[in-house]
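Worksheet: one structure, shown below.
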Amino acid sequence: MEAMPIIEQIFIKNTDDKNDQEGFERKLYLVRKKVSNDLRGSNTLKEAHLFYINSLSSKTIVYKGMLTCDQLESFYPDLSNPEYTSHLAMVHSRFSTNTFPSWDRAMPNRMMSHNGEINTIKGNINWMKAREGSMHSDLYGDQITDLFPVMEKDCSDSGNFDNALEFLTMTGRSIEESILMMVPEAWKKKKTLSKSRKAYYEYHSNLMEPWDGPASITFTNGDVVGAVLDRNGLRPSRYYVTKDDRVIMASEVGVLPIDNQNIAKKGRLEPGKIFLIDFQQGKLLSDKEVKEPLIEARPYRNWLHDNRLVVRKIKRSDSDTALGTNELTKRMRAFGYTTETLEFMLLPMVHDLRDPLGSMGNDSALAVLSHKHRLLYDYFKQLFAQVSNPAIDSIREKIIMSLECYIGPEKNILEPTEAHAHRLLIENPLLTNTALYAIKHLDHEGHKSQVIDITFDVSESSSDSLKSAVIRVCEEAEAAVDNGIGFLVLSDRNVNKNRAAISSLMACGAIHHHLVKTAKRTKTSIVVESAEAREVHHLCLLFGYGADAINPYLAYEVLEQAKAEGIIKHTHHRRGKDNRIKLDTNEEVIDAYRQGLVKGVLKVMGKMGISTLQSYKGAQIFEALGLSQEVIELCFSGTASRLKEPIFRFWKKRLNNDTAWVGQMMKIFLLMDYLILESFIGEAKEKKRVGTQKLSGPYSLQQGRTIKMPSVNLHLKPIELQKML
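Using this note's numbering, the first residue of the sequence shown is number 141, and each one after it goes up by one.
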């Protein structure tokens with residue numbers, strides 16, 4: 141209890157229309173947001189960031205703290221008062237899995253409690269912030285800005301989910317509609333769903349990306365209480381309905397004692413399904429009873445049919461002029477292509493329709509430790525789901541996964557109008573050259589595009605020329621958005637001997653975050669035309685830092701050249717497969733390559749437990765190694781960088797003229813000689829060479845670690861003995 145904050149209860153009287161409880165709720169919400177924002181934004185009050193209002197509502201009261209279940213009743217005397225009654229209780233009692241515990245982060249939150257993790261939380265926060273620039277509401281008028289930022293600082297993933305849910309509910313939607321928009325079921329590939337239900341979810345995908353991850357979420361606004369399960373069903377939720385009109389739902393059975401003779405019904409919540417009790421109707425509503433009225437409320441199918449653009453229908457037969465052989469070779473050198481790139485990365489994706497397999501473990505030096513030029517992508521490592529957060533099998537669970545997305549400017553999320561459906565649908569975000577050409581020349585029903593040149597003059601002698609170029613493209617992008625451009629195409633095609641390319645990842649990340657900070661990101665889409673990106677890891681990084689679609693044009697041209705030179709045959713037998721892959725034309729080669737990339741992207745998304753590309757975009761599921769804070773803040777804001785600039789320089793000073801590998805080739809050859817030939821000479825050579833051989837340079841962070849000895853002797857008496865633990 142030493143960390144217990146000061147807790148106060150206040151009472152507010154409604155002096156307006158007593159019959160307008162919803163209006164009173166909105167006023168209370170506005171007051172709470174304004175007070176919290178003013179206090180937390182104070183520069184004079186040192187501990188203002190610790191101020192937190194559990195609840196300010198005429199319908200619900202939140203009691204919480206860093207307490208055990210047994211402590212709660214005695215800590216809050218209200219809960220032990222026999223005259224204190226309620227028609228509902230939403231209880232959360234679990235440990236913190238991904239945030240540091242604190243009194244304000246304890247659950248339940250103001251409208252929900254949550255068992256699970258939101259894997260896409262960084263993207264969800266950024267997208268909500270970006271939408272603030274387009275928001276306006278008749279319910280709040282000019283006071284809508286007092287509700288910003290929607291997301292409070294220092295919240296857990298559950299706290300941010302609660303912020304968004306409360307905002308959507310307090311600005312006009314029902315709580316169940318808000319929940320279904322944030323946690324939709326897997327609708328795209330389900331053949332059992334009606335067209336009307338699919339249209340409902342498809343329409344709302346234009347408004348908000350799913351909050352993806354394993355989750356069992358309970359929610360209430362005082363009038364209803366319910367629960368929803370994530371699309372994968374990765375958290376348990378079981379319920380009992382008793383004959384004396386009680387409903388008990390929990391994460392497992394046996395939470396409360398129930399007489400079996402008193403059970404009228406029992407079951408479990410299924411993936412993507414919702415469970416709701418409406419106290420005003422006095423009724424327990426099934427999934428269908430909740431969703432059907434919402435689906436029929438507006439003509440979603442007609443809105444989509446009349447307004448939706450599909451990229452394959454606006455494609456032209458034209459494309460940008462192909463590079464000549466000499467120019468292709470120069471581009472390959474400029475963007476770091478090697479023989480290994482073609483042989484071990486591109487061709488396997490064409491021949492096997494998947495990204496190439498490799499042995500476990502990567503013993504090459506980190507990019508930050510290499511003296512050779514490495515692509516910016518190599519400085520990032522993918523994060524993955526672990527411990528309580530399961531991954532998804534992208535092959536066996538492909539029915540719940542999707543890369544299909546709408547792109548283009550978004551409208552005001554607070555007004556559910558037909559205009560939301562007027563966007564461009566892309567079924568595959570890896571664009572062909574003809575699809576990209578169509579987008580670059582798009583001028584259709586108000587949709588326009590503009591190409592942003594992401595190259596800069598190499599003759600600029602300033603040490604900050606690259607940074608200046610990045611800032612320039614950010615300013616150009618913002619100006620284009622202000623002029624109504626809904627599609628920004630970031631292109632490095634202008635590379636030549638006088639102009640170098642900004643890394644497409646750096647440019648994309650910088651523009652994305654710049655537009656997020658200026659609340660203009662949802663007014664446009666970012667399409668990347670890149671010679672640099674060619675591997676699955678590259679594409680995932682671009683998507684993770686804001687790209688809506690990608691055209692790896694140089695990889696396409698390299699493969700077409702390989703086809704022309706006979707490196708790619710007309711047909712190819714897949715390994716371990718009976719079927720053949722037809723590779724008669726360039727189109728078939730590119731299609732095979734795109735299939736391989738798609739499978740790779742889905743696999744990476746699945747590793748983090750994310751099901752849809754719409755959720756993955758902007759989610760930044762990466763960590764950086766060796767990038768300075770200046771680069772992180774400008775281009776990759778919010779990304780953890782384990783090695784900052786001073787450590788980067790420290791390591792670079794210790795590099796010699798070679799890059800170390802843990803298993804260097806001479807070691808491997810000698811070991812093979814020993815194992816295969818089993819010769820005495822081989823054994824002697826192995827012992828001698830392996831025992832004396834030194835690595836030619838640092839290859840891991842551990843090599844720079846030294847043990848710092850304590851300045852004073854450590855006294856053992858204060859340390860608890862093992863038997864006392």
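Every residue, glycine too, gets a C-beta built ideally from N, C-alpha and C.
Bounding residues of the beta strand (DSSP E) (the contiguous stretch that carries residue i)
{"i": "Ser356", "result": "Ala355 to Thr360"}
{"i": "Leu369", "result": "Val364 to Leu369"}
{"i": "Asn573", "result": "Counting along the chain, Asn573 falls outside any beta strand (DSSP E), though it belongs to the alpha helix (DSSP H) covering Asn573 to Lys580."}
8 Å Cβ shell around residue i - same chain, five flanking residues per side excluded
{"i": "Asn402", "result": "Thr382, Lys383 and Asp384"}
{"i": "Thr322", "result": "The amino acid at residue 322 is misidentified as Thr; the sequence shows Met. So the qualifying residues of the chain are Phe301, Ala304, Leu305, Leu308, Met348, Pro350 and Trp351."}
{"i": "Pro496", "result": "Phe484, Met485, Pro488 and Met489"}
{"i": "Val852", "result": "none"}
Sequence-distant residues of its chain with Cβ nearer than 7 Å to residue i (five each side left out)
{"i": "Gly205", "result": "Phe215, Trp243 and Ala246"}
{"i": "Arg452", "result": "none"}
{"i": "Val591", "result": "Lys580, Val629 and Ser631"}
{"i": "Arg250", "result": "Ser195, Val202, Asp302 and Glu306"}
{"i": "Leu424", "result": "Val381, Val387 and Ile417"}
{"i": "Pro241", "result": "Met206"}
Whole-angstrom distance between residue j and residue i, CA atom to CA atom
{"i": "Lys330", "j": "Ile539", "result": "7 Å"}
{"i": "Glu537", "j": "Pro530", "result": "13 Å"}
{"i": "Ala437", "j": "Ser182", "result": "44 Å"}
{"i": "Pro439", "j": "Leu628", "result": "31 Å"}
{"i": "Ser233", "j": "Val395", "result": "11 Å"}
{"i": "Gly758", "j": "Gly778", "result": "11 Å"}
{"i": "Thr225", "j": "Asn154", "result": "22 Å"}
{"i": "Pro289", "j": "Thr465", "result": "53 Å"}
{"i": "Gly736", "j": "Gly686", "result": "22 Å"}
{"i": "Pro549", "j": "Arg563", "result": "7 Å"}
{"i": "Lys269", "j": "Lys551", "result": "14 Å"}
{"i": "Cys614", "j": "Leu515", "result": "21 Å"}
{"i": "Ala575", "j": "Leu565", "result": "12 Å"}
{"i": "Leu333", "j": "Ala339", "result": "10 Å"}
{"i": "Pro376", "j": "Ala641", "result": "50 Å"}
{"i": "Ala650", "j": "Val621", "result": "15 Å"}
{"i": "Gly299", "j": "Glu272", "result": "18 Å"}
{"i": "Ser589", "j": "Ala462", "result": "22 Å"}
{"i": "Lys521", "j": "Glu763", "result": "5 Å"}
{"i": "Lys743", "j": "Ala505", "result": "25 Å"}
{"i": "Ile847", "j": "Ser510", "result": "24 Å"}
{"i": "Ser534", "j": "Asn568", "result": "16 Å"}
{"i": "Cys545", "j": "Ala689", "result": "9 Å"}
{"i": "Ala702", "j": "Ile708", "result": "6 Å"}
Start-to-end residues for the alpha helix (DSSP H) that takes in residue i
{"i": "Lys431", "result": "Asp427 to Glu436"}
{"i": "Gly412", "result": "Careful: Gly412 lies outside any alpha helix (DSSP H) and carries neither H nor E."}
{"i": "Glu727", "result": "Asn726 to Lys747"}
{"i": "Ala474", "result": "Thr465 to Ala474"}
{"i": "Ser182", "result": "Premise fails: Ser182 is in no alpha helix (DSSP H) and is neither H nor E."}
{"i": "Leu681", "result": "Val676 to Gly684"}
{"i": "Arg441", "result": "Tyr440 to Asn447"}
{"i": "Glu773", "result": "Gln769 to Cys775"}
{"i": "Leu753", "result": "Leu753 to Tyr756"}
Beta-bridge pairing of residue i - partner residues as DSSP gives them
{"i": "Gln522", "result": "Phe762"}
{"i": "Lys293", "result": "Beta-bridge pairing links Lys293 to no other residue."}
{"i": "Asp418", "result": "Val364 and Lys423"}
{"i": "Arg337", "result": "Arg337 pairs with nothing; no bridge assigned."}
{"i": "Met389", "result": "Tyr379"}
{"i": "Glu669", "result": "Ser631 and Asn691"}
{"i": "Thr664", "result": "Beta-bridge pairing links Thr664 to no other residue."}
{"i": "Ala780", "result": "Glu763"}
{"i": "Val450", "result": "Leu565"}
{"i": "Ile403", "result": "Thr382"}
{"i": "Thr570", "result": "Before going further, note that residue 570 is Leu rather than Thr in the sequence given. Per DSSP, Ile690."}
Cβ neighbours of residue i in the same chain (closer than 6 Å, five flanking residues each side left out)
{"i": "Arg408", "result": "Arg378"}
{"i": "Met805", "result": "Note on Met805: pLDDT 44, under 50, position unreliable in the model; the coordinate value appears next. Nothing meets the Cβ criterion."}
{"i": "Asn266", "result": "Val656 and Gly758"}
{"i": "Ile357", "result": "Met252, His254 and Val368"}
{"i": "Arg494", "result": "Gly736 and Lys739"}
Q | Ranges of the alpha helix (DSSP H) found wholly within the stretch 584-661, counting only runs of at least 4 | A | You should have 605-622 and 644-657.
Q: Would you mind listing the alpha helix (DSSP H) stretches within the stretch 200-241 that are 4+ residues and don't spill past its ends, in chain order?
A: The stretch 200-241 contains these whole alpha helix (DSSP H) runs: 209-215.
Q: Starting from the N-terminal side, write out each stretch of the beta strand (DSSP E) that is 3 residues or longer and does not extend beyond the stretch 478-564.
A: Note on the stretch 478-564: whole beta strand (DSSP E) runs with a minimum of 3 residues are 520-522 and 545-547, in chain order.
Q: Give, in chain order, every unbroken run of the alpha helix (DSSP H) that is at least 4 residues long and sits entirely within the stretch 240-326.
A: The stretch 240-326 contains these whole alpha helix (DSSP H) runs: 261-271, 297-310 and 315-322.
Q | Runs of alpha helix (DSSP H) lying entirely within the stretch 154-194, each at least 4 residues, in chain order | A | With a minimum length of 4 residues, the continuous alpha helix (DSSP H) runs that stay inside the stretch 154-194 are 161-180.
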